[in-house]
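Remarks on the structure that follows.
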Amino acid sequence: MADDRVLVVGGEWDREVSTAEICEPGSGFRHLADLTDRRTAGALALLHDGRVLICGGSRPGYRMTASAELLDPATGMSVPVGPMLTERAGHTATTLADGRVLVAGGGEGDKVLASTEIFDPRSESFSAGPDLAAARLKHGVGRLADGRILIVGGQGADTDVSRAAGWPRASSTTGRS
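Counting from 6, one number per residue, gives the positions in the sequence shown under our numbering.
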(Lines of atoms letter the chains of each structure in order from A and count residues from 1; the text may use other names and numbers.)
(Lines give C-alpha, C1' and ligand atoms only; values in the text may rest on other atoms or scores of the structure.)
Protein backbone atom coordinates (compact mmCIF):
# COMPACT_ATOMS: atom_id res chain seq x y z
CA MET A 1 0.00 0.00 0.00
CA ALA A 2 1.16 3.57 -0.51
CA ASP A 3 1.19 4.26 3.26
CA ASP A 4 3.54 1.44 4.42
CA ARG A 5 0.69 -0.90 5.35
CA VAL A 6 0.71 -4.39 3.80
CA LEU A 7 -2.43 -5.98 2.35
CA VAL A 8 -2.68 -9.77 2.67
CA VAL A 9 -5.29 -11.59 0.56
CA GLY A 10 -5.99 -15.25 -0.12
CA GLY A 11 -4.53 -18.42 1.24
CA GLU A 12 -1.92 -20.96 0.31
CA TRP A 13 -2.05 -24.28 -1.53
CA ASP A 14 -5.27 -26.00 -0.45
CA ARG A 15 -6.21 -23.37 2.15
CA GLU A 16 -8.09 -20.76 0.14
CA VAL A 17 -9.57 -17.94 2.19
CA SER A 18 -12.04 -15.16 1.48
CA THR A 19 -10.66 -12.49 3.77
CA ALA A 20 -8.29 -9.55 3.47
CA GLU A 21 -6.06 -8.43 6.31
CA ILE A 22 -3.95 -5.33 6.82
CA CYS A 23 -0.59 -5.42 8.56
CA GLU A 24 0.23 -2.06 10.09
CA PRO A 25 3.82 -1.45 11.23
CA GLY A 26 3.93 -1.59 15.02
CA SER A 27 0.33 -2.83 15.32
CA GLY A 28 0.33 -6.19 13.56
CA PHE A 29 -2.48 -7.76 11.54
CA ARG A 30 -6.16 -6.88 11.61
CA HIS A 31 -9.16 -8.06 9.61
CA LEU A 32 -10.02 -5.61 6.83
CA ALA A 33 -12.73 -7.19 4.70
CA ASP A 34 -14.65 -10.25 3.68
CA LEU A 35 -14.08 -10.86 -0.02
CA THR A 36 -16.58 -12.08 -2.59
CA ASP A 37 -14.55 -15.21 -3.46
CA ARG A 38 -12.16 -17.70 -1.85
CA ARG A 39 -8.84 -17.90 -3.66
CA THR A 40 -5.14 -18.62 -3.56
CA ALA A 41 -2.46 -17.78 -6.19
CA GLY A 42 -4.41 -14.76 -7.40
CA ALA A 43 -2.91 -11.39 -8.30
CA LEU A 44 -3.35 -7.91 -6.84
CA ALA A 45 -2.83 -4.43 -8.25
CA LEU A 46 -3.07 -1.13 -6.39
CA LEU A 47 -5.11 1.31 -8.50
CA HIS A 48 -4.40 5.03 -8.68
CA ASP A 49 -7.52 5.80 -6.59
CA GLY A 50 -6.38 3.53 -3.71
CA ARG A 51 -8.65 0.58 -4.48
CA VAL A 52 -7.11 -2.84 -5.07
CA LEU A 53 -7.91 -5.18 -7.97
CA ILE A 54 -7.93 -8.83 -6.85
CA CYS A 55 -8.16 -11.24 -9.78
CA GLY A 56 -7.96 -14.90 -10.68
CA GLY A 57 -6.34 -17.62 -8.66
CA SER A 58 -7.35 -21.07 -7.57
CA ARG A 59 -10.49 -22.07 -5.72
CA PRO A 60 -11.00 -25.13 -3.51
CA GLY A 61 -10.12 -28.32 -5.39
CA TYR A 62 -7.46 -26.50 -7.47
CA ARG A 63 -10.10 -25.07 -9.81
CA MET A 64 -8.90 -21.93 -11.57
CA THR A 65 -11.15 -18.87 -11.49
CA ALA A 66 -11.73 -15.85 -13.71
CA SER A 67 -13.44 -13.97 -10.87
CA ALA A 68 -12.27 -10.49 -9.95
CA GLU A 69 -13.20 -7.92 -7.34
CA LEU A 70 -12.32 -4.41 -6.26
CA LEU A 71 -11.43 -3.89 -2.61
CA ASP A 72 -11.57 -0.42 -1.10
CA PRO A 73 -9.18 -0.46 1.89
CA ALA A 74 -10.65 2.83 3.15
CA THR A 75 -14.13 1.34 3.62
CA GLY A 76 -13.37 -2.38 3.88
CA MET A 77 -15.87 -3.06 1.09
CA SER A 78 -15.25 -5.46 -1.78
CA VAL A 79 -17.42 -5.69 -4.90
CA PRO A 80 -17.27 -8.14 -7.81
CA VAL A 81 -16.15 -6.87 -11.23
CA GLY A 82 -15.28 -8.52 -14.51
CA PRO A 83 -14.93 -11.43 -14.79
CA MET A 84 -11.59 -11.87 -16.54
CA LEU A 85 -11.68 -13.40 -20.01
CA THR A 86 -9.59 -16.41 -18.95
CA GLU A 87 -9.38 -18.43 -15.76
CA ARG A 88 -5.80 -18.11 -14.50
CA ALA A 89 -3.57 -18.55 -11.44
CA GLY A 90 0.12 -17.78 -10.92
CA HIS A 91 -0.23 -14.64 -13.08
CA THR A 92 0.67 -11.02 -12.42
CA ALA A 93 -1.37 -7.82 -12.31
CA THR A 94 0.52 -4.56 -12.86
CA THR A 95 -0.91 -1.05 -12.80
CA LEU A 96 0.06 0.87 -15.92
CA ALA A 97 0.91 4.58 -15.89
CA ASP A 98 -2.52 5.43 -17.34
CA GLY A 99 -4.32 3.59 -14.50
CA ARG A 100 -5.32 0.45 -16.37
CA VAL A 101 -4.00 -2.92 -15.19
CA LEU A 102 -2.04 -5.45 -17.25
CA VAL A 103 -2.88 -9.06 -16.26
CA ALA A 104 -0.22 -11.34 -17.76
CA GLY A 105 0.45 -15.05 -18.12
CA GLY A 106 -0.33 -17.59 -15.45
CA GLY A 107 -1.76 -21.07 -15.75
CA GLU A 108 -5.15 -22.46 -16.67
CA GLY A 109 -5.27 -26.06 -15.47
CA ASP A 110 -2.29 -27.83 -17.09
CA LYS A 111 -1.79 -25.06 -19.66
CA VAL A 112 0.75 -22.22 -19.25
CA LEU A 113 -0.62 -18.98 -20.71
CA ALA A 114 0.93 -16.37 -23.00
CA SER A 115 -2.26 -14.32 -23.04
CA THR A 116 -2.74 -10.95 -21.39
CA GLU A 117 -5.79 -8.95 -20.40
CA ILE A 118 -6.28 -5.28 -19.66
CA PHE A 119 -8.50 -4.19 -16.77
CA ASP A 120 -10.04 -0.74 -17.12
CA PRO A 121 -11.04 0.64 -13.69
CA ARG A 122 -13.43 3.15 -15.31
CA SER A 123 -15.58 0.46 -16.95
CA GLU A 124 -14.62 -2.19 -14.37
CA SER A 125 -14.14 -4.67 -17.21
CA PHE A 126 -11.42 -6.72 -18.90
CA SER A 127 -10.41 -6.76 -22.56
CA ALA A 128 -7.91 -8.89 -24.46
CA GLY A 129 -4.32 -7.71 -24.71
CA PRO A 130 -1.54 -8.96 -26.98
CA ASP A 131 0.11 -12.30 -26.23
CA LEU A 132 3.49 -12.47 -24.53
CA ALA A 133 6.39 -13.77 -26.63
CA ALA A 134 6.65 -16.77 -24.26
CA ALA A 135 4.00 -18.42 -22.11
CA ARG A 136 4.91 -18.11 -18.43
CA LEU A 137 3.62 -18.35 -14.89
CA LYS A 138 5.13 -17.46 -11.51
CA HIS A 139 7.14 -14.71 -13.23
CA GLY A 140 8.36 -11.37 -11.97
CA VAL A 141 7.20 -8.02 -13.27
CA GLY A 142 8.03 -4.36 -12.76
CA ARG A 143 7.04 -1.00 -14.19
CA LEU A 144 10.03 0.98 -15.43
CA ALA A 145 10.41 4.75 -14.98
CA ASP A 146 9.49 5.40 -18.63
CA GLY A 147 6.20 3.47 -18.28
CA ARG A 148 7.28 0.25 -19.96
CA ILE A 149 6.66 -3.07 -18.19
CA LEU A 150 9.44 -5.65 -17.76
CA ILE A 151 8.37 -9.28 -17.34
CA VAL A 152 11.14 -11.69 -16.35
CA GLY A 153 11.64 -15.37 -15.59
CA GLY A 154 8.93 -17.74 -14.51
CA GLN A 155 8.00 -21.21 -15.61
CA GLY A 156 7.01 -22.27 -19.11
CA ALA A 157 5.24 -25.43 -20.19
CA ASP A 158 8.34 -27.63 -19.91
CA THR A 159 11.08 -25.50 -18.39
CA ASP A 160 11.96 -22.22 -16.72
CA VAL A 161 11.68 -19.15 -18.94
CA SER A 162 15.00 -17.34 -19.06
CA ARG A 163 14.27 -14.50 -21.46
CA ALA A 164 12.66 -11.22 -20.52
CA ALA A 165 9.57 -9.78 -22.15
CA GLY A 166 8.85 -6.10 -22.63
CA TRP A 167 5.55 -4.24 -22.68
CA PRO A 168 5.06 -0.91 -24.44
CA ARG A 169 4.14 2.29 -22.68
CA ALA A 170 0.59 2.59 -21.36
CA SER A 171 -0.50 4.62 -24.37
CA SER A 172 -0.17 1.49 -26.51
CA THR A 173 -1.99 -1.78 -26.01
CA THR A 174 -0.62 -3.34 -29.16
CA GLY A 175 2.77 -4.79 -29.79
CA ARG A 176 4.62 -7.77 -28.49
CA SER A 177 7.73 -8.48 -26.58
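Think of the CB as a built atom: it goes at the ideal place given N, C-alpha and C, for glycine as much as any other residue.
Worksheet entry | Selected residue, minimal CA-CA separation from glutamate 74, among Phe131, Gly114, Gly33 | Out of Phe131, Gly114, Gly33, Phe131 has the C-alpha closest to the C-alpha of glutamate 74.
Worksheet item: Quick one: what's proline 85 bridged to in DSSP?
Response: Looking at the DSSP assignment, proline 85 forms a beta bridge with Glu74.
Practice prompt. Determine the burial state of glycine 15: buried for a count of at least 16 other Cβ atoms within 10 Å of its Cβ, exposed for fewer.
Written response: Label assigned to glycine 15: buried.
Fill in: Any 3 or more C-beta pairs closer than 8 Å across the stretch 96-110 and the stretch 75-85
Note that the stretch 96-110 does not touch the stretch 75-85; fewer than 3 beta-carbon pairs, one per stretch, sit closer than 8 Å.
Worksheet item: Does the Cβ-Cβ distance between leucine 137 and isoleucine 123 come in under 8 Å?
Response: Contact flag unset, no.
Discussion item. For valine 11, which residues in the same chain have their Cβ closer than 6 Å to its Cβ, ignoring the five residues on either side in sequence?
Written reply: Within the same chain, valine 11 has close Cβ partners Cys28.
Worksheet item: If you follow the beta strand (DSSP E) that serine 130 is part of, which residue opens it and which one closes it?
Response: Residues 130-134.
Discussion item. Please list the terminal residues of the continuous beta strand (DSSP E) segment that includes aspartate 42.
Written reply: In the DSSP assignment, aspartate 42 falls within the beta strand (DSSP E) that extends over 33-44.
Practice prompt. Give the secondary structure of threonine 164 by DSSP, where H, G and I count as helix, E and B as strand, and everything else as coil.
Written response: Here threonine 164 sits in coil by DSSP.
Worksheet item: Can the beta-carbon of glycine 61 be found closer than 8 Å to that of arginine 93?
Response: Yes. Within cutoff.
Discussion item. Let's see if you can read the secondary structure: which residues bound the beta strand (DSSP E) around aspartate 125?
Written reply: Looking at the DSSP string, the run of the beta strand (DSSP E) that includes aspartate 125 is 121-125.
Worksheet item: Just how far apart, CA to CA, sit serine 72 and alanine 79?
Response: Rounded to the nearest angstrom, the two C-alpha atoms are 22 Å apart.
Discussion item. Cutting at 7 Å between CB atoms, please list the residues of its own chain near serine 23, excluding the five before and the five after it.
Written reply: Apart from sequence neighbours up to five positions away, the residues of its chain that approach serine 23 with a beta-carbon distance below 7 Å are Asp39, Leu40, Asp42, Arg43, ordered along the chain.
Practice prompt. Using the DSSP secondary-structure output, state which residues sit across from leucine 58 in a beta bridge.
Written response: In the DSSP output, where bridge partners are listed per residue, leucine 58 has Ala50, Leu75.
Practice prompt. Report yes if the CB atom of threonine 91 is closer than 8 Å to the CB atom of alanine 109, and no otherwise.
Written response: Alanine 109 sits away from threonine 91, with the two beta carbons spaced by 8 Å or more.
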